[in-house]
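S.K.: Residue numbers (the working numbering): 77 to 630. For glycine and all other residues, C-beta sits at the position ideal for the given N, C-alpha and C. Note that the structure is predicted; figures quoted are calculated from it, not measured. I have a structure I would like to understand better, so I am pasting it below and will then ask my questions one at a time.
The structure is reproduced here in structure tokens:
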């Protein structure tokens with residue numbers, strides 16, 4: 077079987093698996109967030125944290141819950157790393173330096189999982205399982221809660237109430253993420269991923285010494301890393317490491333985990349607003365972009381020129397032979413069009429255009445299908461912008477799902493889409509103006525520029541992947557990328573929840589003959605065009621200096 081055909085067949089199998097999961101999982105999540113009943117374990121948690129899950133919150137109270145919980149999480153994870161050297165199960169590793177501890181705490185709480193350290197050489201069992209893995213669950217649940225709050229803003233009227241943050245947080249973990257993770261961990265163990273609490277072992281005899289490996293609860297952390305679109309690897313090689321991702325079957329399963337909740341949330345959205353067709357329109361937009369990017373990535377990685385490319389069947393540099401080009405291309409697009417950031421190949425080794433596709437996927441806002449929760453609310457913001465543009469063209473007050481999109485709503489949406497570009501481009505420019513940051517670049521020219529642009533794009537968009545040629549373990553990058561991750565995560569949430577509150581206060585607008593039909597293919601096309609135009613106008617100059625220049629020079 078040719079490598080191209082193998083890649084296409086894996087893509088088809090993935091589409092079928094996602095299609096089979098779409099309806100049951102989407103309906104289940106809609107029931108979870110609409111239920112008035114509380115499970116007994118959930119009641120214990122509410123009692124422990126002193127929360128009343130039955131009290132409805134307006135958007136300021138909901139936002140305070142999000143920010144307070146996340147601030148405590150950052151502080152806890154920071155302190156856990158700083159005292160690691162005194163903890164049992166630390167495997168002899170010392171405490172983490174302050175700047176790196178801050179960067180890692182911000183990273184995992186912001187659902188980014190950017191790592192400027194070697195996982196197997198820095199973090200012991202307690203920090204990995206009691207700190208990082210826990211944040212993989214709760215940071216994903218926070219994103220889902222904010223998305224559901226925005227959906228309630230569309231579904232409710234004249235109330236301003238968006239639900240209860242603590243109930244949404246706990247339900248997301250207990251009823252959605254935990255059950256899938258348990259089953260998923262068993263699947264990965266069956267595929268060959270490790271799951272233990274062993275210490276450090278010396279294996280084999282090599283020239284100059286032995287190789288050291290340490291065990292860990294890898295399978296359980298791997299599954300929530302992908303399912304929650306987190307991305308931080310137990311090992312430095314991430315999902316290219318055989319202990320995390322042993323073979324082609326586990327690789328396809330991990331891609332499935334990355335995509336299944338973000339895609340299924342569109343049905344949850346349709347179910348909660350009372351129109352499944354609206355959910356299908358958002359799903360179609362996500363699917364068109366995802367399939368288009370995947371096709372482009374496979375084409376550019378298979379179509380390399382020169383003897384080395386021809387002998388290897390394509391751009392095999394930086395890729396695992398057990399996966400091949402097709403599976404690596406599918407994985408890289410899935411992980412950069414979501415906020416996952418996990419890698420089964422080195423993105424820095426992609427062709428110039430391939431690296432540009434990964435960059436552009438993140439710069440879209442990671443909305444196709446995007447992160448767990450963040451993909452849905454990011455796409456709904458873009459839908460509001462598209463409706464506004466359509467209203468301007470026909471001279472009619474724009475409406476979406478029965479709610480008027482007025483001055484207040486469009487200001488919130490505009491602020492949302494401006495936050496991450498300002499962070500990405502501002503910090504990238506500062507890194508080239510100052511002398512010290514540029515010393516971390518392994519490469520010069522267009523690829524060196526792409527390394528730094530990729531780092532801040534990944535951080536501000538809460539992705540976490542990186543171009544491997546950049547040494548980001550410096551005070552400048554640890555601090556600035558940490559700030560970019562926190563601002564890129566929580567500032568947009570402020571505008572999303574403010575928008576949700578504004579929509580929930582409105583009286584529904586009856587549909588008329590002049591109402592834009594947002595469930596039709598025409599709107600899907602308008603939405604895709606809006607996304608590409610906004611992103612292109614924002615980032616094209618930077619992309620022209622980096623991946624486009626590198627690709628054209630190849």
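#1: Just the Cα atoms here: how many angstroms apart are residue 329 and residue 626?
#2: Output yes or no for whether 9 Å exceeds the beta carbon distance between residue 365 and residue 444.
#3: Nearest by alpha-carbon distance to residue 409: which of 427, 456, 394 and 438 is it?
#4: Judging by CA-CA distance, which residue of 175, 138 and 106 is the nearest neighbour of residue 549?
#5: Just mark residue 339 as buried or exposed, buried being the case when its beta carbon has 16 or more other beta carbons within 10 Å.
#6: Given a cut-off of 9 Å, decide if residue 260 and residue 187 are closer than it, judged by their beta-carbon atoms.
#7: Looking at C-alpha atoms only, which residue of 619, 277 and 318 is the closest neighbour of residue 527?
#8: Give me the Cα-Cα distance between residue 297 and residue 114, rounded to the nearest whole angstrom.
#9: Helix, strand or coil for residue 423, going by three-state DSSP, please let me know.
#10: Between the segment 470-490 and the segment 534-552, are three or more C-beta pairs nearer than 8 Å?
#11: Could you say which of 80, 103 and 597 lies nearest to residue 342 if we only look at CA atoms?
#12: Round the Cβ separation of residue 558 and residue 182 to the nearest angstrom and send it over; I've been treating them as touching at under 8 Å.
#13: Within this structure, are the beta carbons of residue 681 and residue 529 separated by less than 9 Å?
#14: Return helix, strand or coil for residue 635, following the three-state DSSP convention.
#15: Measuring CA to CA, which of 509, 560, 522 and 521 is closest to residue 531?
#16: Out of curiosity, what's the CA-to-CA distance linking residue 240 and residue 579?
#17: So is residue 521 buried or exposed if we call it buried at 16+ other beta carbons inside 10 Å?
#18: By DSSP, does residue 116 sit in helix, in strand, or in coil?
#19: Please give me, in chain order, every unbroken run of the alpha helix (DSSP H) with length at least 4 that falls completely inside the segment 338-420.
#20: Going by DSSP, which residues form a beta bridge with residue 277?
#21: Identify whether residue 475 lies in helix, strand or coil by the three-state DSSP scheme.
#22: Only counting the same chain, and skipping five residues up and downstream in sequence, which positions put a Cβ closer than 7 Å to that of residue 321?
#23: Any idea if residue 616 is buried or exposed, counting beta-carbon neighbours within 10 angstroms, 16 or more meaning buried?
#24: Can you list, in chain order, the residues of its chain with a C-beta nearer than 7 Å to that of residue 312? Leave out the 5 residues immediately preceding and following it.
#25: Drop a sphere of 10 angstroms on the beta-carbon of residue 288, count the other beta-carbons inside from all chains shown, and report buried for 16 or more, exposed for fewer.
#26: Got a sec? Which residues, its chain only, sit under 8 Å from residue 275 by beta carbon, not counting five neighbours each side?
#27: Starting from the C-beta of residue 150, find all residues in its chain whose C-beta is less than 7 Å away, skip the five residues before and the five after it, and write them out in chain order.
#28: DSSP on residue 517, reduced to helix/strand/coil?
M.R.: Checking against the coordinates, here is how it stands:
#1: 33 Å
#2: yes
#3: 438
#4: The candidate whose alpha carbon is nearest that of residue 549 is 175.
#5: With 16 or more other Cβ atoms within 10 Å, it is buried.
#6: no
#7: Looking at the Cα atoms, 619 is the closest of the given residues.
#8: 27 Å
#9: helix
#10: no
#11: 103
#12: 4 Å
#13: The question about residue 681 has no answer here: the residues shown for the chain are numbered 77 through 630.
#14: The requested residue 635 is not part of the displayed model; the chain covers only 77 to 630.
#15: 560
#16: About 17 Å.
#17: exposed
#18: helix
#19: At a cut-off of 4 residues, the continuous stretches assigned as alpha helix (DSSP H) that sit fully inside the segment 338-420 are 352-378, 383-388 and 400-413.
#20: 289
#21: strand
#22: 315, 327, 330 and 420
#23: The residue in question, residue 616, is exposed, as its Cβ has fewer than 16 Cβ neighbours within 10 Å.
#24: Taken in chain order, the residues that qualify are 194, 195 and 196.
#25: exposed
#26: 167, 290 and 291
#27: 181, 182 and 185
#28: strand
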